[in-house]
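Below is one structure; the comments refer to it alone.
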Amino acid sequence: MKNLIPIFFWLPWLPALAFVGLLWYGTPATAADGNDWAPVPTGPFHWQLQGVLDVDPSIRVVGGDLFDISVDQVAAWRTAGLYPICYVNVGAVEDWRDDAQDFPRDVIGAPYWGWDGENWLDISRFERFVDVIRARLDLCRDKGFLAIEPDNIDAYEADQSSKPTGFDISRSDQLRYVNWLIKEAHMRGLAIGQKNAADLVPDLVGRMDFALLESAYRLGFMGEFDPYVEQGKPVFAVEYLDEGADAMTFCPVADAHGFQGVIARIDLDQTPQNCP
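Everything in the sequence shown is counted per numbering that gives the first Met the number 0, starting at 0 for the first residue and increasing by one.
Put into structure tokens, the structure is as follows:
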């Protein structure tokens, strides 16, 4: 989902947790298996892309917008022992972003349904805008984030629906682009997660580091992401109040799959509720 306005955050509990993060923030983030990116922990997930952040002390992973979150905020999160993930839109251009004019006009396609000012990108020709995406990944790294959440990696699915991108993108086009993103993220010491696109799990689970699902319970594709749990990789499954999410019915199912269940508003503008 999308971000529209700047974010600020308040962490009144920082002093109580500061000692936890000093070790983390003061040493290189490295994975136990020899990779040079830090593994994403399983646990309560605060995912909010707009509004005032009020992060509960129980949170282990926090997701925020690449552009709106400051270096100081990321540093504070890491000092508090949190694992910060940055939201990066890799499949559509948002006209309010500072780098929106850097995308060539001929790779900008149909409007992204439901989000004003956003249009699909022709990811079958992603070589035309690699410099823009690389700059975004650099910014994520330079701000101190440990992982990226790549949004809109399901353009090929849109082209099989009634809301196409305007480019007739194929599954192989999508995989070629996503595999390039994985390589670029890992080269920067960043973990990267699969965002939706359940059909791609068999191809991506071995290279991706976590998964973030939207409305998987409502739409019935939770089981497709079980391979992530089987490989010891966290899955954060988000259901939306706007779509009728109910903790009493959703949370037991998320727990049965080994997923961290989260209930949020579709605009991601308020503190989310984690399943116990």
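Note that the Cβ used here is the ideal one computed from N, Cα and C, for glycine as well.
Two segments are said to touch when three or more pairs of C-beta atoms, one from each, lie closer than 8 Å; by this definition the stretch 255-274 does not touch the stretch 73-83.
Residue 105 sits in a helix when the DSSP states are folded into three classes. A buried status is given to residue 46, since no fewer than 16 other beta-carbon atoms sit within 10 Å of its beta-carbon. Counting C-beta pairs with one atom in each stretch, the stretch 154-163 and the stretch 210-219 have fewer than three that are closer than 8 Å, which means they do not touch. Here residue 88 is near residue 150, since their CB atoms are less than 8 Å apart. Of the residues 157, 56, 65, 266, the one whose Cα lies closest to the Cα of residue 132 is 65. Between the stretch 66-76 and the stretch 231-240, the count of Cβ pairs shorter than 8 Å is below three; the stretches do not touch. Sequence-distant Cβ neighbours of residue 265 in its own chain, meaning closer than 8 Å and more than five residues away, are 0, 239, 240, 241, 242. Under the DSSP definition of a beta bridge, residue 273 partners with 261. Secondary structure at residue 111: coil, using DSSP grouped into helix, strand and coil. Look at residue 193 here: in three-state DSSP terms it is strand. Residue 224 sits in a helix when the DSSP states are folded into three classes. Of the other Cβ atoms in all chains shown, 16 or more fall within 10 Å of the Cβ of residue 91; this residue is therefore buried. Taking 8 Å as the cut-off, the beta carbon of residue 173 is found closer than this to the beta carbon of residue 152. In this chain, the beta strand (DSSP E) harbouring residue 93 covers 91-93.
Remark: C-beta atoms of residue 128 and residue 102 approach each other more closely than 8 Å.
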